[in-house]
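Sequential numbering of the sequence shown, starting at 1, is according to UniProt numbering.
Where is the CB? At the ideal position from N, CA and C, for every residue including glycine.
Encoded as structure tokens, the structure appears first; notes follow it.
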Amino acid sequence: NPEGVLLKCITEDEAPKLIADFHGGVCGGNFSGRVTTHKILRAGYWWPTLFKDANQLVRRCDSCQRFSGRLKASGSLPLQPVSIEAPFKQWGMDFIGEISDPSSAGYKWILVATDYFTKWVE
Numbered sequence: 001n002p003e004g005v006l007l008k009c010i011t012e013d014e015a016p017k018l019i020a021d022f023h024g025g026v027c028g029g030n031f032s033g034r035v036t037t038h039k040i041l042r043a044g045y046w047w048p049t050l051f052k053d054a055n056q057l058v059r060r061c062d063s064c065q066r067f068s069g070r071l072k073a074s075g076s077l078p079l080q081p082v083s084i085e086a087p088f089k090q091w092g093m094d095f096i097g098e099i100s101d102p103s104s105a106g107y108k109w110i111l112v113a114t115d116y117f118t119k120w121v122e
């Protein structure tokens, strides 16, 4: 590696078990492919298809596919339905930006207003 540290090369047969251990075993925590790869590298292992193999394992990981979306919202409150009686009675507003390529007038932000009843956007 660039730091001059010798890394242990792994055979094709050893790679799947090693990735599985670092991803979901005692060493793991069902991290992303990138995090799993970096954990393996820090532990001193390497093989030519390490990045590709780790990403493929994460994509096939049953636990990751079942629970990854749920974990992101674990600290949030449950959604509540909003009752709207008529068009243009209730609006939502959001800012989009900062945009790296400003408009010809120099604007770097966009204000978006949405009517909750009709879903009309201004």
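### Task
Provide the residue(s) that pair with Tyr-45 in DSSP beta bridges, ordered along the chain.
The residue given as residue 45 occupies position 45 in the sequence shown. According to DSSP, which records beta bridges pairwise, Tyr-45 is partnered with Lys-8.
### Same chain, Cβ closer than 6 Å to Ile-99, five either side skipped, listed in chain order
As a working note, residue 99 is residue 99 in the sequence shown. So the qualifying residues of the chain are Lys-108.
### Query
According to the neighbour-count rule (16 or more other Cβ atoms, all chains shown, within 10 Å of its Cβ), is Asp-13 buried or exposed?
As a working mapping, residue 13 is identified with position 13 in the sequence shown. By the 10 Å Cβ count, Asp-13 comes out exposed.
### Query
With burial defined as no fewer than 16 other Cβ atoms inside 10 Å of the residue's Cβ, what is the status of Cys-61: buried or exposed?
For the purposes of this step, residue 61 is taken as residue 61 along the sequence shown, with counting starting at 1. Flag for Cys-61 reads buried.
### Query
Where does Ile-84 sit, in a helix, a strand or coil, going by DSSP?
As a position in the sequence shown, residue 84 is number 84, starting the count at 1. Coil, per DSSP.
#### Entry: Proximity to Val-35 [Cα-Cα], best of Thr-49, Pro-48, Ile-19, Trp-47
Your numbering for residue 35 matches position 35 in the sequence shown. Of Thr-49, Pro-48, Ile-19, Trp-47, the residue nearest in Cα terms is Ile-19.
### Query
Less than 9 Å separating the beta-carbons of Gln-90 and Phe-117?
Counting from one through the sequence shown, the residue named residue 90 turns up at place 90. Counting from one through the sequence shown, the residue named residue 117 turns up at place 117. Yes, these two residues count as a Cβ contact at 9 Å.
### Message
My assumption, with CB atoms under 8 Å, is that Gly-44 sits in contact with Leu-7. Please give the rounded CB distance.
### Response
On the sequence shown, position 44 is the one that residue 44 refers to. On the sequence shown, position 7 is the one that residue 7 refers to. The Cβ separation is near 5 Å, so the contact holds.
### Task
Closer than 7 Å by C-beta to Leu-50: which residues in its own chain qualify, once you throw out the five before and the five after it? Chain order, please.
Position 50 of the sequence shown holds residue 50. Counting only Cβ-Cβ distances below 7 Å, and skipping sequence neighbours, we find Thr-37, Ile-40.
### Alpha carbon of Ala-15 to alpha carbon of Phe-67, nearest angstrom
Position 15 of the sequence shown holds residue 15. Position 67 of the sequence shown holds residue 67. Cα to Cα, the separation comes out at about 25 Å.
### Task
Whole angstroms is fine: what's the gap from Val-82's alpha carbon to Leu-111's?
Counted from its first residue, the sequence shown places residue 82 at position 82. Counted from its first residue, the sequence shown places residue 111 at position 111. The straight-line gap from Cα to Cα measures roughly 22 Å.
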